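*Asks:* In our numbering, the protein residues as written are 5 to 176. For every residue, glycine included, the Cβ atom is placed at its ideal position computed from N, Cα and C. None of the values given here were measured: they were computed from a predicted structure. For reference, the structure I am asking about is given below.
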Ligand code: AR6
């Protein structure tokens with residue numbers, strides 16, 4: 005199971021996978037961070053398709069095409085804003101990852117790449133966010149046997165180290 009997980013440092017918009025995940029906001033109409041990078045790389049047809057989706061609730065996920073991206077699809081999810089952990093943030097972040105895997109499964113997508121959802125502008129502590137990502141990846145690999153590859157894309161060296169350590173703990 006754990007050989008289906010890859011942890012890399014880099015830019016998610018460069019990956020040629022069935023789907024990259026976007027850490028979006030409820031409007032799905034673009035923003036900063038990884039959302040801005042994905043929309044810039046995909047081109048204007050992406051926001052046009054997003055505008056037809058009616059937004060996305062926190063903890064849910066919706067799929068579009070990838071347009072000019074090397075990835076064939078984008079799964080847009082919305083993680084929670086961190087308010088200290090007592091406002092349902094862990095449950096919502098679990099749900100965001102879980103819904104991404106369900107949407108991938110529902111669309112026959114076998115390779116999926118994730119950024120650190122909520123761990124940028126939304127302020128979720130990286131270590132806690134990473135643990136949730138790994139737990140949901142483990143659950144998805146047990147449930148969706150067609151899944152071939154899950155890539156965790158870390159933007160910084162600090163994030164990379166946290167992902168590698170947490171991977172060893174969860175998949176020990
Ligand atoms: N590739 C991979 N990871 C990246 C990239 C990239 N090209 N660019 C940034 N990251 P954030 P959030 C990392 O803030 O916290 C947007 O405005 C980044 O270093 O993009 O879920 C949306 O519209 C961090 O570790 O997403 C929302 O309003 C991680 O991606 C809001 O930000 C997530 O950081 C969502 O905030």
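At a cut-off of 7 Å, would you count residue 59 as near the ligand AR6, judging by its Cβ distance to the nearest heavy atom?
*Replies:* No, the beta carbon of residue 59 sits no closer than 7 Å to any heavy atom of the ligand AR6.
*Asks:* Hey, is the segment 89–101 in contact with the segment 47–56, meaning 3+ C-beta pairs nearer than 8 Å?
*Replies:* Cβ pair count under 8 Å is below three, so no.
*Asks:* Residue 171 by DSSP, collapsed to three states: which one?
*Replies:* Three-state result, residue 171: helix.
*Asks:* I'd like the span of the beta strand (DSSP E) that includes residue 115, first residue to last.
*Replies:* Element bounds for residue 115: 115–118.
*Asks:* Answer with buried or exposed for residue 140, where buried requires no fewer than 16 other C-beta atoms within 10 angstroms of its C-beta.
*Replies:* With 16 or more other Cβ atoms within 10 Å, it is buried.
*Asks:* Is residue 15 a contact residue of the ligand AR6, with contact defined as CB to any heavy atom under 7 Å?
*Replies:* Flag set: Cβ of residue 15 near the ligand AR6.
*Asks:* Name the DSSP bridge partner or partners of residue 155?
*Replies:* In DSSP, residue 155 forms a bridge with 10, 117.
*Asks:* Taking the Cβ atom as the reference point for each residue, do residue 72 and residue 47 lie within a distance shorter than 8 Å?
*Replies:* For residue 72 and residue 47, yes; Cβs fall inside 8 Å.
*Asks:* Is it right to say residue 84 is buried, meaning 16 or more other beta carbons lie within 10 angstroms of its own, or is it exposed?
*Replies:* When all chains shown are included, residue 84 counts as buried.
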